[in-house]
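Visitor:
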Amino acid sequence: MNENKSGVSRRGFLKKVTAAIYGLLTFMIGLPLFSFFVSPAFIKSKFKWIEIGAVDDFNSDTPLEVIYNKEIIDGWNKRTVLSTAWVFKSEGKLVALSPICTHLGCTVSFDEVRDSFACPCHGGLYDREGNVIGGPPPKPLKRHEIKFEDGKFLIGEPKDRSTSVT
Amino acid sequence: MINWLDERLNMREGFKELLDEPLPEGVGWTHVFGSISLFLFLLQAATGIFLSMFYAPTPEAAHLSVSYVQNDLFLGAFVRGLHHWGSSFFVVFTVIHLLRTFIYSAYKYPRELTWIFGVILFNLVLAFGLTGYLLPWDQKAYWATVVTLNIAGTAPILGDVIQKILQGGEVIGSVTLTHFYSLHVIVLPLLTLGAVAIHVFLQKRQGIAPPFKSPDEEVKFKSRFWPDQLFKDGVAILLIFLILSGFAIIFGAPLEKMADPTDSSYVPKPEWYFLSMYQLQKIFPGNLEIIGTIIIPTIGILALILLPFYDKNPSRKLKDRKLALTLMTAAMMTVGGLTILGATDDRPEESTVIVEVQEGQESSRLQPPELSGRYLYQNETCMKCHNIGGSHGEGEYDLLKTSGDKSVIWLKEHFSNPTLAQPEKIVEQGSLTLDQITDLKSFYLRLSTSQRDELLTVTQEVLYSANLYSQYKCGACHKIDDPEPGFGPNLAGVTLRHDREYIYDHFLDPKKFDPNSIMPKFDWLPKEELNALTDFVYYIDK
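Sequences listed follow chains A and B, in order.
Residue numbers 1 to 166, in my numbering, belong to the letters of the first sequence in order.
Residue numbers 1001 to 1542, in my numbering, belong to the letters of the second sequence in order.
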């Protein structure tokens, strides 16, 4: 009887099975916990058109700061927050610029004297069309999708502009 | 990597020794429960950490955030289910582990310390349960905690202070929740980690107690911790985890509606592992309550902790330990019996009985307890919080809005301790007699009937005399409409049988009119009270 040899291999097998059991347990517990933890990152809020006024209200060529209510879902809270968009006429067409600086997300504001948008954080500078003219921002300001219904002016999601329009 | 570490720390040999621990003959599947308990602790820690990432410990947000986890997050209901049922499993397996240790005599010399830390850990597990189930801030959470904190309040001398410290002030609310949250996620885990470390260190240092062997007997070592015992532990843990997952998926974690301190119809019951304690509270009434709330539980815990010191029997064989085993069986059966009683004792049924009684009352005239109850309503502190349809009393809680949906038991508890139902309000502790409580209850029940208006328009004189009638317990002997004979004559029709002078004089010396009368003399009452009682006899007989 080669007890020694089979004893060793039996023991080795037991070790492997045991390790596998604990590995399986770690996996069975770890995976659901991990997916639970990261899941909010994949919850997408529903896109909604927001009415910000009558089309006739917006005739200025100078960017006008429009403050509107936006419903957001913040975890277990549903809240209404104030948001802003800069609306003006560019070559006869209405444009709604998002004031979120494309560098690190601070809020830019329009400087009438210099006719440009300035970011207070790191000195980003955009012209009135939202194109970068100075500082660190990598891309032009986003523009909201817009539509008109019964004389009302609605804005949608802010979209990237791949190329600068000048 | 391991070699790199070992070159610097030189710990490989130590670990090897730990893993290679030789196990005495007879150790095996019966010894998996400690590992299962440790596994459950780690699982609770893991699920708890992730749940805490989505939890807000404020009365406004707690329930919302838990419901967000439950309904909006991927696998949220499963993770909550694991944590919820994990606590029950934790209790079950620490108890089995404790009983196994008891049966195998493993608490005896030299392992007394391991046992003591084990009992401490068991209490920490219960403390986790207690602090944990306030956190969802649903009805059960809230009301179970109200009761728990009031139990703490029954402790002698410092009870009141302890209760206020635990709840963080006069009321159960924001600070209570943050206190319990911190206890549950910081204090108790740290204490438990420390106690587990000591418990496991002691076990590793002393080795597993050879089953049923006396210290002087020769012990054979047949297997090793790694992989023999770890394999068995692993299989058992895997099995338990699968069953636990089944519970989490099939039953899930309950989430009742958000805590409502004004809801008085709720019948709170604690988690099953506290049902024996819950039932114990019901056995001891009034001023003896401390026996059920503090004394018996404390004796129970001390009896467990000190077990190795008063059980001097050195034998580890079952046949030599009949007394110990009998006592433990009796203790377990008591706890089990109380748990079953607690689980099956249904209070809500009583409230359905009341409704029938109320309907029966509709046609009869107003009864003295109801009138006396209204007098008490006006003259005790009820009106500070209550009003009746806006016209009687300045409080904000309209009795007409809730009339009829409270059980008698609830009413009695509310009258004897208003804070219990309204923990957010500071109410003067009631000092009502049992008779007064009964009167208030009768008054409240009559409010829900069509005779409400009649009850609310009775003159103050009648109310005053009805209260005297109740105070001197006239109703104990005299009935009015009830056909059952009382000890005294039925008062219906008494004014037809006798004139006013007779009735008044009868109070002074009943025996003068009827030598067999057992009615006591009321000649010590002031004249105006005697007149009022005589008037009242006329009122109820009209």
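Even for Gly, the Cβ is constructed at its ideal location relative to N, Cα and C.
Remember, predicted model here, so these are calculated numbers, not experimental data.
Fully enclosed by the region 1206 to 1247 of chain B, which beta strand (DSSP E) runs are 3 residues long or longer?
Guide: The region 1206 to 1247 of chain B contains these whole beta strand (DSSP E) runs: 1221 to 1224.
Visitor: Contact criterion: CB-CB distance below 7 angstroms. Does I21 of chain A meet it with respect to chain B?
Guide: So, interface residue.
Visitor: Quick one: residues in its chain with C-beta nearer than 8 angstroms to the C-beta of N1071 of chain B, no 5 flanking neighbours on either side, listed in chain order?
Guide: Answer for N1071 of chain B: A1077, listed in chain order.
Visitor: Counting only the same chain and skipping the five closest in sequence on each side, list residues whose C-beta sits under 6 angstroms from that of E1529 of chain B.
Guide: Excluding residues within five positions, the ones whose Cβ falls inside 6 angstroms are L1468.
Visitor: Tell me whether N69 of chain A is buried or exposed, calling it buried when 16 or more other Cβ atoms sit within 10 Å of its Cβ.
Guide: N69 of chain A is exposed by the Cβ-count criterion.
Visitor: Along the chain, where does the alpha helix (DSSP H) that runs through S1052 of chain B open and close?
Guide: F1033 to S1052 is the span of the alpha helix (DSSP H), which, as asked, contains S1052 of chain B.
Visitor: Over the uninterrupted alpha helix (DSSP H) stretch that includes L1019 of chain B, give me the two end residues.
Guide: Segment R1012 to L1019, the alpha helix (DSSP H) holding L1019 of chain B.
Visitor: Using the Cβ count rule (16 or more neighbours within 10 Å means buried), how would you classify K1527 of chain B?
Guide: That one is exposed.
Visitor: Which residues in chain B sit within 7 angstroms of T191 of chain A, going by Cβ to Cβ distance?
Guide: What the structure shows of chain A is the stretch from 1 to 166, and residue 191 of chain A is not part of that stretch, so it cannot be assessed.
Visitor: Check whether the region 1252 to 1266 of chain B and the region 1140 to 1159 of chain B touch, using three or more Cβ-Cβ pairs below 8 angstroms as the test.
Guide: Yes, the region 1252 to 1266 of chain B is in contact with the region 1140 to 1159 of chain B.
Visitor: So, are the CB atoms of W1115 of chain B and P1270 of chain B less than 7 angstroms apart?
Guide: No, they are not a contact pair.
Visitor: Who pairs with T80 of chain A in a beta bridge, going by DSSP?
Guide: Partner(s): A:E71.
Visitor: Please confirm whether V1079 of chain B and T1047 of chain B have their CB atoms less than 7 angstroms apart.
Guide: Going by C-beta atoms, V1079 of chain B is nearer than 7 angstroms to T1047 of chain B.
Visitor: Mind pulling the chain B residues with CB within less than 8 angstroms of I29 of chain A?
Guide: Ordered by position in chain B, the residues that pass the 8 angstroms Cβ test against I29 of chain A are L1043, A1046 and F1241.
Visitor: With a threshold of 7 angstroms between beta carbons, is S45 of chain A in contact with chain B?
Guide: No, because no Cβ of chain B sits closer than 7 angstroms to the Cβ of S45 of chain A.
Visitor: Closer than 9 angstroms by beta-carbon distance: list the chain B residues that pair up with S35 of chain A, in chain order.
Guide: Neighbours of S35 of chain A on chain B, chain order: F1074 and L1075.
Visitor: Note down, in chain order, each residue of its chain lying with its Cβ closer than 6 angstroms to the Cβ of V1353 of chain B, except the 5 sequence neighbours on either side.
Guide: Low local confidence applies: a pLDDT of 37 at V1353 of chain B is under 50, so the model's placement there is unreliable, with the coordinate-based value given in what follows. So no residue of the chain qualifies.
Visitor: Using 7 angstroms as the limit for Cβ to Cβ distance, is F1050 of chain B near chain A?
Guide: It does: the Cβ of F1050 of chain B has a partner Cβ on chain A nearer than 7 angstroms.
Visitor: Would you please verify whether the beta carbon of G78 of chain A is less than 7 angstroms from any beta carbon of chain B?
Guide: For the sequence presented, residue 78 of chain A should be read as Lys rather than Gly. Taking Cβ atoms only, chain B never reaches closer than 7 angstroms to K78 of chain A, which makes this a no.
Visitor: Return the residues of the region 1176 to 1187 of chain B that lie within a Cβ-Cβ distance of less than 9 angstroms from chain A, sorted by chain order.
Guide: Within the region 1176 to 1187 of chain B, no residue has a Cβ that lies closer than 9 angstroms to any Cβ of chain A.
Visitor: Compute the distance between the beta-carbons of G1292 of chain B and I1283 of chain B, then report whether it is under 7 angstroms.
Guide: In contact: G1292 of chain B and I1283 of chain B (Cβ atoms closer than 7 angstroms).
Visitor: Note down the Cα distance separating D1523 of chain B from I1540 of chain B, rounded to an integer number of angstroms.
Guide: Straight-line Cα distance between these residues: approximately 22 angstroms.
Visitor: Alpha carbon to alpha carbon, how far is L14 of chain A from R1008 of chain B? Give it in angstroms, no decimals.
Guide: Approximately 31 angstroms between the Cα atoms of the pair.
Visitor: Do three or more CB pairs link the region 1215 to 1232 of chain B to the region 1037 to 1046 of chain B at distances below 8 angstroms?
Guide: No, the region 1215 to 1232 of chain B does not touch the region 1037 to 1046 of chain B.
Visitor: Measure the alpha-carbon distance for E3 of chain A versus T1030 of chain B and round it to whole angstroms.
Guide: Note that E3 of chain A scores a pLDDT of 46, beneath 50, so its modelled location is shaky and nothing firm can be said.
Visitor: State the DSSP-derived secondary structure class of M1519 of chain B, mapped to helix, strand or coil.
Guide: Note: M1519 of chain B maps to coil in three-state DSSP.
Visitor: Measuring CB to CB, does L1546 of chain B end up less than 7 angstroms from L1400 of chain B?
Guide: No information on residue 1546 of chain B is available, as it lies outside the stretch 1001 to 1542 that chain B covers here.
Visitor: Alpha carbon to alpha carbon, what distance is there between Y1375 of chain B and V1458 of chain B?
Guide: V1458 of chain B and Y1375 of chain B: Cα-Cα distance of roughly 10 angstroms.
Visitor: On the DSSP letters alone, give me the boundaries of the beta strand (DSSP E) that R143 of chain A sits inside.
Guide: Segment R143 to E149, the beta strand (DSSP E) holding R143 of chain A.
Visitor: Under 9 angstroms between beta-carbons, which chain A residues line up against I1237 of chain B? List them in chain order, please.
Guide: Near I1237 of chain B (Cβ distances below 9 angstroms), the residues of chain A are I21, Y22 and L25.
Visitor: Could I get the ranges of all uninterrupted alpha helix (DSSP H) runs contained in the region 1135 to 1208 of chain B, with 4 residues as the minimum, in chain order?
Guide: Within the region 1135 to 1208 of chain B, the complete alpha helix (DSSP H) runs of at least 4 residues are 1139 to 1153, 1159 to 1167, 1174 to 1182 and 1188 to 1206.
Visitor: Could you tell me whether any Cβ in chain B is nearer than 7 angstroms to the Cβ of S9 of chain A?
Guide: No, S9 of chain A lies away from the interface with chain B (no Cβ there is under 7 angstroms from its Cβ).
Visitor: Give the interface partners of S1065 of chain B over in chain A, defined as CB-CB distance under 8 angstroms, in chain order.
Guide: The contacting residues are G75 and W76.
Visitor: Going by DSSP in three states, E1007 of chain B sits in which element: helix, strand or coil?
Guide: DSSP places E1007 of chain B in helix when its eight states are reduced to three.
Visitor: Look up L97 of chain A in the DSSP assignment and give the residues it is bridged to.
Guide: Paired residue(s): A:W86 and A:R143.
Visitor: Measure from the C-beta of V1079 of chain B to each C-beta in chain A and report whether the shortest distance is under 7 angstroms.
Guide: Closer than 7 angstroms: yes.
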